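Inspection log for the structure reproduced underneath, given as structure tokens.
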Amino acid sequence: MSMRLKSISMARQIPIFKRWAPEWLIKIILFSMTLPGIIIFFLPLSNINAAAGYYGSEPADIQFAVALFYAGYVGFYSLERRFFSFLAAKEYFLIFTTLQILACLVCYYTRDIYILFPVRFLQGMLFAGNVNLSLTLMFTRVSSERGREISFSVFFGILICALPFNNLITADLIDSYNFNIVYKTAIFSYLPGLIFLTLTMSNYRPHARFPLYKLDWQSFVLYSIMLVLIGYIAIFGQEYYWLEDIRILGSVIGIIGLGLLSIFRQNSNKRPYIDLRVFRYRNFKVGLVILFIMYICRFASGITNNYLAMELHLDPFHISYINIFNLSGLVLGVIVACCMVLQKKKIQYIWVPGFLMLLAFHALMYYTFDVQADEFNYYIPLFIQGLGVGLIMVPTIIFIISSVPVSIGPSAAATALAIRYFGFCISIALINFYELFEKSRHYNAFQDHLTAVDPAVKSFLHQQTIKLMAKGMSEGHAVKAAHRLLVARMNVQDHVRFAMDYYEMMVWLLSGSLLLIILFPYLNRTVLYLRSRKLSPA
Numbered sequence: 011m012s013m014r015l016k017s018i019s020m021a022r023q024i025p026i027f028k029r030w031a032p033e034w035l036i037k038i039i040l041f042s043m044t045l046p047g048i049i050i051f052f053l054p055l056s057n058i059n060a061a062a063g064y065y066g067s068e069p070a071d072i073q074f075a076v077a078l079f080y081a082g083y084v085g086f087y088s089l090e091r092r093f094f095s096f097l098a099a100k101e102y103f104l105i106f107t108t109l110q111i112l113a114c115l116v117c118y119y120t121r122d123i124y125i126l127f128p129v130r131f132l133q134g135m136l137f138a139g140n141v142n143l144s145l146t147l148m149f150t151r152v153s154s155e156r157g158r159e160i161s162f163s164v165f166f167g168i169l170i171c172a173l174p175f176n177n178l179i180t181a182d183l184i185d186s187y188n189f190n191i192v193y194k195t196a197i198f199s200y201l202p203g204l205i206f207l208t209l210t211m212s213n214y215r216p217h218a219r220f221p222l223y224k225l226d227w228q229s230f231v232l233y234s235i236m237l238v239l240i241g242y243i244a245i246f247g248q249e250y251y252w253l254e255d256i257r258i259l260g261s262v263i264g265i266i267g268l269g270l271l272s273i274f275r276q277n278s279n280k281r282p283y284i285d286l287r288v289f290r291y292r293n294f295k296v297g298l299v300i301l302f303i304m305y306i307c308r309f310a311s312g313i314t315n316n317y318l319a320m321e322l323h324l325d326p327f328h329i330s331y332i333n334i335f336n337l338s339g340l341v342l343g344v345i346v347a348c349c350m351v352l353q354k355k356k357i358q359y360i361w362v363p364g365f366l367m368l369l370a371f372h373a374l375m376y377y378t379f380d381v382q383a384d385e386f387n388y389y390i391p392l393f394i395q396g397l398g399v400g401l402i403m404v405p406t407i408i409f410i411i412s413s414v415p416v417s418i419g420p421s422a423a424a425t426a427l428a429i430r431y432f433g434f435c436i437s438i439a440l441i442n443f444y445e446l447f448e449k450s451r452h453y454n455a456f457q458d459h460l461t462a463v464d465p466a467v468k469s470f471l472h473q474q475t476i477k478l479m480a481k482g483m484s485e486g487h488a489v490k491a492a493h494r495l496l497v498a499r500m501n502v503q504d505h506v507r508f509a510m511d512y513y514e515m516m517v518w519l520l521s522g523s524l525l526l527i528i529l530f531p532y533l534n535r536t537v538l539y540l541r542s543r544k545l546s547p548a
């Protein structure tokens with residue numbers, strides 16, 4: 011670790027890049043090298059039905075493929091520093107980027123979901139190395155706090171824009187070709203940056219080669235298995251009826267056992283994988299709670315996209331165009347948040363407007379959901395949701411890192427990354443629970459109130475039967491079809507009610523979060539300041 015810090019502090023004075031390469035172009039290339047990885051991060055979620063159809067799997071399997079990528083990123087984050095110390099920067103880039111291209115090539119050629127799963131986990135590991143080295147070199151090339159915070163904001167701005175951006179750029183590709191075309195596109199997007207870095211980066215090694223002995227791979231394995239099991243439980247738990255299924259029960263027992271073993275290892279190791287001293291700091295724990303809540307609320311916009319597709323029958327093109335408003339809100343929110351951080355605004359002045367935006371979004375959507383609606387009703391709510399997430403994301407991560415001493419900053423960043431993964435998994439678990447359980451509850455409630463003698467039901471069946479007979483259908487078939495239409499209408503109502511119930515829960519959660527932020531003034535004692543150029547971003 012000390013060798014890594016020493017090497018980074020020297021990086022601005024050593025010729026890592028050749029003199030002919032302009033500074034502005036180097037910075038652009040360093041950021042561009044993270045873009046393909048960010049795009050393939052949430053790529054399967056851009057059109058989950060197309061992905062499930064291509065691999066012959068269920069939508070839950072596609073969600074699990076995204077969770078595996080995330081788990082690889084989170085699990086490998088702390089181990090990646092040792093490889094940075096072992097390899098020269100140019101070797102590091104070439105090896106990790108080449109492996110990422112090969113992984114995309116495997117994803118392009120395979121149609122077996124069980125081959126895709128381990129490759130997605132490997133892609134997450136490679137993404138961790140690629141992103142961390144790119145941003146580490148970027149941090150060493152900006153001498154001021156202002157530049158570091160702008161770099162931080164640009165990276166996380168790109169990251170949180172990944173979902174709507176993927177929807178926008180892949181809608182036409184997936185509609186015109188097979189789903190795997192997006193992996194072929196990712197392969198070609200890596201090549202320009204790879205060629206440029208090969209030509210511009212020197213072979214100079216800024217530090218002595220730090221051998222890979224005492225590599226804490228055991229902690230990496232334990233940690234990664236726990237992360238994968240958490241994702242598995244969150245995604246498949248409701249489908250398998252939670253602890254009634256031996257697979258979910260075994261996963262829970264495994265997490266508890268591995269968690270206790272990991273805590274024992276971290277407390278006994280001289281150089282822990284993640285330093286648990288970070289949890290001694292109150293503001294650090296508060297920041298984790300805020301980040302966790304924000305991540306749960308962030309992915310609630312997926313319910314809106316499903317509603318637009320299933321109830322309003324919009325195709326992926328129109329949904330991607332509508333999400334431009336969400337994308338615009340995200341970009342504006344990140345810019346405003348970055349300006350407020352640079353102006354040293356108190357964290358409460360950033361969090362309160364951000365959570366108010368999210369509260370307004372969920373409240374507006376609660377009253378806007380209906381079986382029939384105009385798509386322009388959702389432009390402003392989606393923009394507000396993006397603005398809220400953009401305001402909260404970067405300041406919260408800087409707040410978390412600023413809450414602990416610089417020496418354990420990397421552990422704070424790794425913990426924040428784990429909380430983001432946990433928030434992603436819990437949001438999927440909550441949505442799956444509400445979708446399967448609440449829809450069933452509302453369906454049964456509708457059945458209790460809708461009877462054959464109900465005047466509204468009789469009127470609906472009579473009208474639909476007449477319409478179908480007018481189109482040439484026989485009376486017997488028209489009666490059966492009218493009953494099927496009634497069931498379809500009930501299913502639409504069930505889905506709308508599930509969405510309303512979920513957003514109502516989010517309203518209460520956000521209201522509690524706002525009270526927490528407003529009633530605890532000590533939060534403002536932490537100064538939002540990236541105090542070290544040695545930090546690797548989470």
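So the sequence shown is residues 11 to 548, counted in the numbering used here. Cβ atoms here follow ideal geometry from the backbone N, Cα and C, with glycine treated the same way. Everything numeric in this text was worked out from a predicted model, so none of it was measured.
Evaluate contact between the segment 305-316 and the segment 127-142, counting only Cβ atoms and requiring at least three cross-stretch pairs below 8 Å.
Note that the segment 305-316 does not touch the segment 127-142; fewer than 3 beta-carbon pairs, one per stretch, sit closer than 8 Å.
Complete alpha helix (DSSP H) runs within the segment 346-416 (minimum length 4 residues, chain order)
Counting whole runs of 4 or more residues, the segment 346-416 contains the alpha helix (DSSP H) stretches 357-378 and 389-412.
Among Thr107, Tyr65 and Val84, which residue has its Cα nearest to the Cα of Gly47?
Gly47 has its Cα closest to that of Thr107, out of Thr107, Tyr65 and Val84.
Taking the CB atoms as reference points, tell me whether Leu397 and Met350 lie closer together than 7 Å.
Result no, Cβ atoms of Leu397 and Met350 do not sit closer than 7 Å.
Please state whether the Cβ-Cβ distance between Leu369 and Pro391 is less than 7 Å.
Contact: no.
Is the beta carbon of Ala428 less than 7 Å from the beta carbon of Ala244?
A distance of 7 Å or more separates the beta carbons of Ala428 and Ala244.
What's the gap between the Cα of Ile170 and the Cα of Leu446?
About 27 Å.
Do Ile418 and Arg287 have their beta-carbon atoms positioned less than 7 Å apart in this structure?
Yes; because the gap between Cβ atoms is below 7 Å, this pair is in contact.
Residue environment, Ser234, which counts as buried when at least 16 other CB atoms sit within 10 Å
By the Cβ-count criterion, Ser234 is buried, with 16 or more other Cβ atoms from all chains shown falling within 10 Å of its own Cβ.
Could you pull the start and end residues of the alpha helix (DSSP H) that Asp71 belongs to?
Segment Pro69 to Tyr87, the alpha helix (DSSP H) holding Asp71.
When burial is assigned at 16 or more other CB atoms within 10 Å of the CB, is His487 buried or exposed?
It is exposed - the Cβ of His487 has fewer than 16 other Cβ atoms within 10 Å.
Nonlocal neighbours in the same chain, by C-beta distance under 6 Å from Phe371, ignoring five residues either side
Answer for Phe371: Pro391, Ile394 and Gln395, listed in chain order.
By Cβ distance below 8 Å, which residues in the same chain neighbour Ala62 in space, the five residues on each side in sequence not counted?
Closer than 8 Å at Cβ, skipping near neighbours: Glu68, Pro69, Asp71 and Ile72.
So Lys295 and Phe289 are in contact, right, with Cβ under 8 Å, and what is the actual spacing, rounded?
Indeed, because the Cβ distance is near 6 Å, the residues count as touching under 8 Å.
Measuring straight from C-alpha to C-alpha, what distance separates Pro282 and Ile240?
Going by the C-alpha atoms only, they are around 22 Å apart.
Would Ile306 and Gly203 qualify as a contact pair, given that the criterion is a beta-carbon distance under 7 Å?
With a cutoff of 7 Å on beta-carbon distance, Ile306 and Gly203 are scored as not near each other.
Is it right to say Gly82 is buried, meaning 16 or more other beta carbons lie within 10 angstroms of its own, or is it exposed?
Flag for Gly82 reads buried.
Note down, in chain order, each residue of its chain lying with its Cβ closer than 7 Å to the Cβ of Glu90, except the 5 sequence neighbours on either side.
Ala138, Gly139 and Asn142, listed in sequence order.
Using the C-alpha atoms, what's the distance from Ala75 back to Met135?
Cα to Cα, the separation comes out at about 14 Å.
Report buried or exposed for Val231, applying the criterion of at least 16 other Cβ atoms within 10 angstroms of its Cβ.
Label assigned to Val231: exposed.
How many Å lie between Ile24 and Ile168 at the Cα?
Residue placement at Ile24 is poorly supported in this model, since its pLDDT is 46, which falls under 50; the coordinates are not used for a value here.
Residues in the same chain with beta-carbon distance under 6 Å from Leu520, minus the five sequence neighbours each way, listed in chain order, please.
Listed in chain order, the non-local C-beta contacts of Leu520 below 6 Å within the same chain comprise Phe365, Leu368 and Leu369, local neighbours out to five positions each way being set aside.
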